[in-house]
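Taking the working numbering, I'd label the letters of the sequence shown as residues 60 to 241.
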Amino acid sequence: MGNKVSRSYRAFRARKLRRFILVGLDNSGKTTLKEHMLGLNKEGTVPTMEAEHFQVKFGGYTFLVTDLGGQVHLRHFWRHHYTGAQGVIFVVDATDPDRFADAKEELRSIFSDDQLDSVPLVVFANKQDKGNAASKDEVFKAVCPDKEKMRNRAVMVVACSILNGEGVYDGLKWLTQVSDRV
């Protein structure tokens, strides 16, 4: 009897566990998002130089998140962390349109990896608190590959300011709900 209850409890906990990867180009706001999710209020951030794993509670779920550095020389390591991911969080600096093409190329790479086939993606169009930020629709058109490359995956672009938390909850809530169906 105890063994059966123990298995049921483990199965219940597994349903409430989500494994996400946090990626994006350098200086997009990934580390600030991590600190926001952890409830930290740091003044300055240090760029992520290797994979950093953290756990956070959100809406009755436990997120196990892998924060991956966005510098050019680190991006080829991203794929080593895709196994088991149930969702992708991609952060874009909406105030830096000169780098939208680079972001699009990285998303193409993510979409083409079989380990992430059908895994949902939320794109945070970050830094909306700045006057020159592109809208979420502009970011979607600029960085999201064509539908053929998206391979029938659920994608949502959220206008946000990670610095003040605006839009973050909505994006994480959507990703949690959609990853329930994968």
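Each residue gets a CB set at the ideal place from its N, CA and C atoms; glycine is no exception.
In this model, GLN145 and GLU165 are separated by some 18 Å (Cα to Cα). Listed as beta-bridge partners of GLU111 by DSSP are ASP126. A direct Cα-to-Cα measurement between ARG78 and ALA201 gives close to 27 Å. ARG240 sits exposed, since fewer than 16 C-beta atoms from the chains shown fall within 10 Å of its C-beta.
Secondary structure of ASP205 (DSSP, three-state): coil.
By the CB criterion at 7 Å, LYS186 and ALA153 fall inside the cutoff.
Judged by DSSP secondary structure, PHE170 falls outside any beta strand (DSSP E) and instead within the alpha helix (DSSP H) spanning 159–171.
Exclusion of the five residues before and after TYR120 leaves LYS75, ARG77 and THR235 as the residues of its chain whose Cβ lies within less than 6 Å of its Cβ.
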